[in-house]
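Visitor: What follows is a single structure, and I will ask about it in a moment.
Numbering (the numbering used here), first residue to last: 1 to 216.
What follows is the structure, given as structure tokens:
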């Protein structure tokens with residue numbers, strides 16, 4: 001359902017501004033996100049809803065002095081499998097080759113007889129579907145809240161900047177780095193956890209302005 005909605009939005013709105021600078025696409029998608037957020041508030045109210053962890057994944061694994069909730073272990077495994085599947089899709093299939101080529105030169109892909117706009121629609125729908133899955137998995141940790149989007153978007157922005165735009169491996173490394181920094185600082189200095197995430201981003205930019213795996 002989320003992917004279908006994304007397909008419609010991309011076809012009706014975003015596809016019309018592909019010829020404009022990327023900043024316009026960012027502004028339009030942010031505007032759409034705000035509309036969806038306010039619509040959620042109108043329908044379900046501003047107060048978040050608690051979401052229970054599935055019964056099968058309740059409980060903890062105790063190893064020495066460390067306690068690992070089953071649900072968080074499941075998230076690690078599931079995320080790894082999704083990441084592997086996405087990498088295989090992008091690197092080992094014709095669809096992935098077209099997506100990578102289209103990100104470099106839309107004209108070249110069009111000359112190969114591929115409908116570039118249809119390709120972009122499919123890619124956009126896939127991305128939104130993955131974001132929807134992430135939201136469902138995140139809900140038991142923080143609840144379903146209409147205003148959690150900006151916080152997650154900020155962390156995602158840091159991950160992309162650290163890893164480098166357009167780099168799948170960079171996104172994985174950036175995500176791991178941000179996760180480690182956030183976990184450590186939550187234990188050592190809870191008030192400064194978010195600050196240190198952005199500090200890590202600034203440090204990477206100073207050394208590599210295009211990110212760890214980004215290209216100029």
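The C-beta atom is built at its ideal place from N, Cα and C for all residues, glycine as well. All figures in this text were calculated on a predicted structure; none of them were measured in a lab.
1. Would you call residue 171 buried or exposed, if buried means 16 or more other Cβ atoms sit within 10 Å of its Cβ?
2. Counting only beta-carbon atoms, is residue 75 nearer than 8 Å to chain D?
3. Mind the definition here: the region 144–153 touches the region 48–66 only if three or more C-beta pairs lie below 8 Å; say whether that holds.
4. Count Cβ pairs between the region 124–136 and the region 172–180 that sit closer than 8 Å; are there 3 or more?
5. To which residues of the same chain is residue 220 closer than 8 Å at the C-beta, ignoring the five residues directly before and after it?
6. Can you name the residues that DSSP bridges to residue 144?
7. Starting from the Cα of residue 210, find the closest Cα among 167, 195 and 57 and give me that residue.
8. What's the gap between the Cα of residue 203 and the Cα of residue 197?
9. Among 71, 109, 124 and 113, which has the Cα closest to the Cα of residue 6?
10. Can you tell me where the alpha helix (DSSP H) with residue 150 in it begins and where it stops?
11. May I ask which residues mark the beginning and end of the alpha helix (DSSP H) holding residue 24?
12. With a cut-off of 8 Å, do at least 3 Cβ pairs link the region 88–104 to the region 68–76?
13. Apart from the five residues on each side of it in sequence, which residues of its chain come closer than 8 Å, Cβ to Cβ, to residue 126?
14. Going by beta-carbon coordinates alone, are residue 116 and residue 102 separated by less than 8 Å?
15. Let's test the definition: count the other Cβ atoms within 10 Å of the Cβ of residue 199 and tell me whether it reaches 16, buried, or not, exposed.
16. Between the alpha carbons of residue 21 and residue 186, how many angstroms are there, rounded?
17. Indicate whether residue 32 and residue 9 have their beta-carbon atoms separated by less than 8 Å.
18. Tell me which residues share the same chain as residue 128 and place their Cβ nearer than 7 Å to its Cβ, disregarding the 5 neighbours each side in the sequence.
19. Span of the beta strand (DSSP E) holding residue 57?
20. For residue 57, which residues of its own chain have a beta-carbon under 6 Å away from its beta-carbon, when the five flanking residues on both sides are left out?
21. Taking the DSSP output, what are the residues bridged to residue 258?
22. Could you spell out the range, first to last residue, of the alpha helix (DSSP H) harbouring residue 7?
Guide: Short version:
1. The residue you call residue 171 lines up with position 171 of the chain shown. Label assigned to residue 171: buried.
2. The question asks about chain D, but that chain is absent: this structure has only one protein chain.
3. yes
4. no
5. Summary: the structure shown does not reach residue 220, with the chain confined to residues 1 through 216, and so no result is reported for it.
6. Locating residue 144 in the chain shown gives position 144, where the first residue counts as 1. For residue 144, which the question treats as bridged, DSSP gives the partners 49.
7. To locate residue 210, count along the chain shown from 1; it is residue 210. Closest by alpha carbon: 167.
8. Here residue 203 is taken as the residue at index 203 of the chain shown, counted from 1. Here residue 197 is taken as the residue at index 197 of the chain shown, counted from 1. In a straight line, the C-alpha of residue 203 is about 10 Å away from that of residue 197.
9. To locate residue 6, count along the chain shown from 1; it is residue 6. Among 71, 109, 124 and 113, the Cα nearest to that of residue 6 belongs to 124.
10. By one-based count along the chain shown, residue 150 stands at place 150. Segment 149–163, the alpha helix (DSSP H) holding residue 150.
11. The residue you call residue 24 lines up with position 24 of the chain shown. Residues 22–44.
12. no
13. Start at 1 with the first residue of the chain shown, and residue 126 comes out as number 126. If we look at residue 126 and ignore the five residues flanking it on each side, its Cβ neighbours are 3.
14. Translated into the one-based positions of the chain shown, residue 116 becomes position 116. Translated into the one-based positions of the chain shown, residue 102 becomes position 102. Yes, they are a contact pair.
15. On the chain shown, residue 199 is found 199 positions in, with the first residue counted as 1. So residue 199 ends up on the exposed side.
16. One-based indexing of the chain shown puts residue 21 at position 21. One-based indexing of the chain shown puts residue 186 at position 186. Computed Cα separation, rounded: 38 Å.
17. Translated into the one-based positions of the chain shown, residue 32 becomes position 32. Translated into the one-based positions of the chain shown, residue 9 becomes position 9. Closer than 8 Å, so yes.
18. Mapped onto the chain shown, residue 128 falls at position 128. Closer than 7 Å at Cβ, skipping near neighbours: 2, 3 and 6.
19. Within the chain shown, residue 57 is the residue found at index 57, counting from 1. From DSSP, residue 57 is part of no beta strand (DSSP E); its letter is neither H nor E.
20. Numbered from its first residue, the chain shown carries residue 57 at position 57. If we look at residue 57 and ignore the five residues flanking it on each side, its Cβ neighbours are 70, 71 and 74.
21. A query on residue 258 cannot be resolved here, the shown segment of the chain reaching from 1 to 216 and no further.
22. Here the question's residue 7 lines up with position 7 in the chain shown. Element bounds for residue 7: 2–12.
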